[in-house]
Amino acid sequence: MVLQSSPSPSLLSGSLPARRFLVLHLPFWATDYRKRADPQLRDKPLALYEHIKGGLRLAALDPQLSREGLRVGQNLADARAIKPDMVVEEIDRPLLVAAFAAFADWHSNASPLVSVLSDMSAFGDLVLDITGVDHLFGGEAKMLRLLLKRLRDLGYRVAGAIAPTIGAAWAVSHFARSQIVVPEMLESVLDALPVHGLRLSDKQIADLGQMGLATIGQLRQRPRKPLQARFGLSLLTRIDQAFGVIDEKLTPRLPLAEHMAERRLAEPISLLDDVLRVTADLSVQLAQDLEAAGVGAQAFHLFVYRVDHKVMTLSLNAARVTRDPAHITELFRHRAQRLEGEYDAGFGIDMVRLAASSTERLEALQTGAFSTENGLEDIDRLNDRLASRLGAMAVLKSVPVASHVPERAVRLVPALAAGETRLEAPLLPRPLRLLPRPEPIRVMAEVPDGLPARMEWRGQTYRLIKGEGPERLGAEWWRTGQRLELVAPPKPQEQEPGEPSEPPPYVPDLQLFLPDAGTRDYYLVEDQEGHRYWVFRQGFYSGEKQPAWYLHGVFA
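The sequence shown lines up with residues 2 to 557 when you count with my numbering.
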């Protein structure tokens with residue numbers, strides 16, 4: 002039963018925020034969850050214990066054991082003496098915390114702002130910001146009644162309350178019957194509750210009891226300065242939060258999306274194709290909302306709510322800001338095909354929500370007979386579909402890097418994260434793909450600094466008939482960790498024209514090539530069979546050390 006307090010005009014002179022919060026209190030969450038997971042435990046008294054200071058003590062009890070006098074913190078041996086037929090298990094707190102977090106996410110089908118209230122316990126209390134959403138359920142009373150009923154149908158013991166503040170809703174749900182507190186009745190309702198309703202520490206509650214302060218109303222009649230001097234600022238903060246003097250922030254588990262569309266189904270569905278059809282309809286509604294706001298989105302999130310208090314989420318990113326409903330639908334269709342083996346509708350799906358985030362301004366475009374398209378949008382759409390089907394790391398894109406060294410000038414990043422990039426055309430043609438590491442070659446040239454005339458690579462000799470170059474690239478001296486110094490030019494050394502240069506001997510571990518060893522002269526050469534190669538000479542013939550030749554890439 003849900004009780005609604007009647008307003009009284011003699012209370013509350015100040016104004017409260019127009020927000021409404023719903024708190025759900027599940028005092029036996031741990032044992033109820035275990036009994037749902039194991040049907041054999043449903044009709045048996047269940048207690049969970051944990052190791053505390055070298056002993057075994059009770060950590061959670063079901064309602065039956067609580068009525069028979071057992072209490073949390075009691076020694077396990079004493080509890081067994083009182084109730085020898087009870088079932089005892091060790092509590093798994095990480096599992097319960099994770100399960101309760103997923104349980105909280107499922108409640109986002111009632112309100113997009115849901116948080117686990119972990120001030121007093123890591124699990125057991127949920128808070129929902131229902132400001133402006135209760136009309137979807139026919140009002141606050143019907144909404145509270147619906148949420149309580151569906152949890153009780155699942156086998157959970159639960160109490161709930163709606164109030165203008167989080168602290169008030171928590172206090173009423175714990176120490177009063179499930180009810181709706183209107184702003185005008187906030188003071189009278191809270192003053193009648195025990196001081197435990199302020200979410201205080203055990204020491205603070207014990208000290209208040211020694212002072213004879215049992216209710217919140219008695220506590221509020223005391224002067225604030227002595228209370229702060231004895232109990233600290235936290236006590237006054239809890240009082241002010243409960244009565245709305247200080248705003249208590251709610252930290253939602255799921256990020257709030259400014260634009261979303263949802264559909265509540267009269268009958269649960271289970272097929273993936275049906276979910277995709279609903280997604281297509283929601284894409285149209287979401288696109289209309291985005292268009293009305295003059296924005297587009299780059300991230301889209303699909304929430305699929307199952308009737309067995311579980312939610313499945315599916316998120317994806319687009320390469321550019323969009324609000325095209327057909328494109329959004331295709332992205333989810335490709336991603337769903339990839340995850341089809343993991344899809345599990347459980348006992349059915351009763352709600353689907355589509356949300357958009359990472360929004361930016363997107364003006365409407367008008368196309369006509371004289372408009373031209375550069376094809377970039379089609380490429381981005383293709384990247385989106387491939388990434389949705391194969392995964393974001395399977396579709397890569399080249400982006401420039403601030404380096405003129407070929408193996409450093411470009412790096413591969415996911416196409417969805419690359420953004421708008423433009424690669425400057427080099428002075429000479431370059432191969433699309435380079436060798437993993439430049440390989441040493443033997444070269445014979447007409448003159449020391451002339452075009453290569455013959456090349457020996459991997460034990461095979463190639464006669465070169467054409468060539469173009471050189472394209473000179475200097476070494477990036479700042480990578481060597483040495484200061485740049487001006488030195489005198491080396492004296493030229495005599496060398497017979499046409500004499501082949503001798504590179505250092507080849508070693509299998511490929512530690513021969515040093516990217517920062519010296520200046521490179523790149524040549525594009527072609528052999529007698531029409532194959533083209535990209536080779537370079539590192540160093541000069543005029544230096545003390547003979548230069549070395551390398552093959553860096555092969556043209557298609």
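Even glycine gets a Cβ: it sits at the ideal position worked out from N, Cα and C.
A quick note: this is a predicted structure, and the numbers were derived from the prediction, not measured.
Nearest candidate by alpha-carbon position, reference residue i, set the options
i, options, result
"Met394", "Val406, Val414 and Val400", "Val414"
"Pro46", "Ala61, Val88 and Ser179", "Val88"
"Leu387", "Asp120, His328, Arg431 and Asp126", "His328"
"Tyr306", "Leu273, Pro326 and Gln286", "Leu273"
"Glu249", "Leu255, Pro256 and Ile240", "Ile240"
"Val98", "Leu118, Ser109, Glu90 and Ala557", "Leu118"
"Ser116", "Arg533, Ser358, Arg151 and Phe22", "Phe22"
"Phe333", "Arg278, Ser359 and Val308", "Arg278"
"Leu25", "Gly540, Val555 and His175", "His175"
"Leu315", "Ser404, Thr323, Arg521 and Arg336", "Arg336"
"Leu255", "Leu228, Val312 and Asp192", "Val312"
"His532", "Val73, Ser543 and Met456", "Met456"
"Leu137", "Ser112, Pro439 and Asp154", "Ser112"
"Leu77", "Arg94, His52, Arg158 and Leu96", "His52"
"Ala215", "Leu191, Ala230 and Gln229", "Leu191"
"Ile442", "Arg434, Gln461, Gly70 and Pro430", "Gln461"
"Ala446", "Tyr463, Asp385 and Asp135", "Tyr463"
"Asp282", "Arg153, Ala294 and Ala262", "Ala262"
Simplified DSSP assignment, three categories, for residue i
i, result
"Val73", "coil"
"Ala262", "strand"
"Tyr1", "This structure does not reach residue 1, given that the chain is present from 2 up to 557, and the question cannot be answered."
"Gln65", "helix"
"Thr520", "coil"
"Ala111", "coil"
"His197", "helix"
"Asp154", "helix"
"Tyr34", "helix"
"Phe304", "strand"
"Gly349", "coil"
"Val285", "helix"
"Pro548", "coil"
"Gln539", "strand"
"Asp106", "helix"
"Glu477", "coil"
"Thr1", "What is shown of the chain runs 2 to 557, which leaves residue 1 out entirely."
"Asp400", "Residue identity check: residue 400 is Val in the sequence provided, not Asp. Strand, per DSSP."
"Pro453", "strand"
"Pro10", "Bear in mind that the predicted position of Pro10 carries a pLDDT of just 37, short of 50, making it too unreliable to give a figure here."
Span separating the alpha-carbon of residue i from that of residue j
i, j, result
"Leu465", "Asp450", "16 Å"
"Leu558", "Asp290", "Residue 558 lies beyond the stretch modelled for the chain, which goes from 2 to 557, so this question has no answer here."
"Thr280", "Leu317", "14 Å"
"Asp39", "Arg81", "22 Å"
"Ile206", "Phe29", "23 Å"
"Gly210", "Arg200", "15 Å"
"Ala416", "Ser399", "8 Å"
"Leu114", "Pro253", "5 Å"
"Ile217", "Pro224", "13 Å"
"Ala288", "Ser109", "22 Å"
"Leu474", "Leu303", "50 Å"
"Phe244", "Arg20", "13 Å"
"Arg35", "Asp44", "12 Å"
"Gln539", "Leu397", "31 Å"
"Arg324", "Val276", "20 Å"
"Thr558", "Leu149", "Residue 558 is absent from the structure shown; the chain starts at 2 and stops at 557."
"Val353", "Ala346", "12 Å"
"Ser122", "Ile167", "15 Å"
Opening and closing residue of the alpha helix (DSSP H) in which residue i lies
i, result
"Val134", "Per DSSP, Val134 belongs to no alpha helix (DSSP H) and is neither H nor E."
"Leu209", "Asp203 to Gln211"
"Lys311", "Premise fails: Lys311 lies in the beta strand (DSSP E), Lys311 to Thr323, not in any alpha helix (DSSP H)."
"Val173", "Ile167 to Phe176"
"His335", "Pro326 to Arg339"
"Thr238", "Leu234 to Ala243"
"Glu188", "Leu187 to Asp192"
"Ile247", "From DSSP, Ile247 is part of no alpha helix (DSSP H); its letter is neither H nor E."
"Arg221", "Ile217 to Arg221"
Residue interval of the beta strand (DSSP E) (run including residue i)
i, result
"Ile53", "Leu47 to Ile53"
"Ile442", "Leu435 to Ala446"
"Ala410", "Segment Pro407 to Ala410 is the alpha helix (DSSP H) holding Ala410; no beta strand (DSSP E) there."
"Ala162", "Ala160 to Ala164"
"Leu42", "Taken as a continuous stretch (DSSP letters only), Leu42 belongs to no beta strand (DSSP E), as it is neither H nor E."
Are there three or more Cβ pairs, one per stretch, closer than 8 Å when the segment 261-268 is compared with the segment 126-136? Not touching, per the Cβ criterion.
With three or more beta-carbon pairs closer than 8 Å as the criterion, would you say the segment 178-191 touches the segment 30-44? no
Counting pairs of beta carbons, one from the segment 217-234 and one from the segment 298-314, are three or more of them closer than 8 Å? Judged by Cβ distances under 8 Å, the segment 217-234 makes no contact with the segment 298-314, as fewer than three pairs qualify.
When the Cβ atoms of the segment 100-107 are set against those of the segment 60-74, are three or more pairs found closer than 8 Å? no
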